[in-house]
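Numbering-wise (the UniProt record's numbering), the sequence shown opens with residue 1 and increments by one.
Using N, Cα and C, we set each Cβ at its ideal position, and we do this for glycine too.
All values derive from a computational prediction rather than experimental measurement.
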Amino acid sequence: MDLWPASILGACVVRVLRRGRELAAAVWFEDRGDGIAALHAHAAPAVRGRWLTPANLRYLAREARAAGFVALTAVPLPEHRHYALRLGFEEMDGGLFLPLYTLPKEQSSG
């Protein structure tokens with residue numbers, strides 16, 4: 001698995017999965033300018049739906065936090081929506097939203 005530099009596609013991070021010489025999947029963030037990154041992905045038909053594992057999502061969340069983002073948004077394929085919800089994304093404005101930070105209870109109620 002390769003980690004491509006931040007300059008690719010104007011992204012802050014790209015994760016690329018390869019099978020031999022063939023590109024299997026690429027994931028990148030688009031900075032929306034509000035502290036939230038839009039998560040984009042392209043996957044070959046053979047790996048579609050299988051690349052977004054809990055481990056990959058934890059990795060992406062760590063990278064996004066390290067880049068200064070506070071949340072991720074995503075618009076998955078309809079058949080993958082239920083899986084993204086199981087991984088912790090929440091419904092928001094027709095897409096999905098994953099907060100990268102949670103406030104302690106004493107700060108969140110006030």
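Counted within 10 angstroms of its Cβ, other Cβ atoms place residue i as buried (16 or more) or exposed
i   : result
A55 : exposed
V27 : buried
T73 : buried
L39 : buried
Cβ neighbours of residue i in the same chain (closer than 6 angstroms, five flanking residues each side left out)
i   : result
A66 : none
V75 : G95
Unbroken alpha helix (DSSP H) run spanning residue i, endpoints
i   : result
A61 : P54 to A66
H80 : Here H80 belongs to no alpha helix (DSSP H), and DSSP marks it neither H nor E.
The beta strand (DSSP E) enclosing residue i, as first and last residue numbers
i   : result
L96 : G95 to P99
L72 : A71 to A74
Nonlocal neighbours in the same chain, by C-beta distance under 8 angstroms from residue i, ignoring five residues either side
i   : result
M88 : According to the sequence displayed, residue 88 carries Gly and not Met. Counting only Cβ-Cβ distances below 8 angstroms, and skipping sequence neighbours, we find L57 and L98.
Counterpart residues of residue i in DSSP-defined beta bridges
i   : result
D31 : A37
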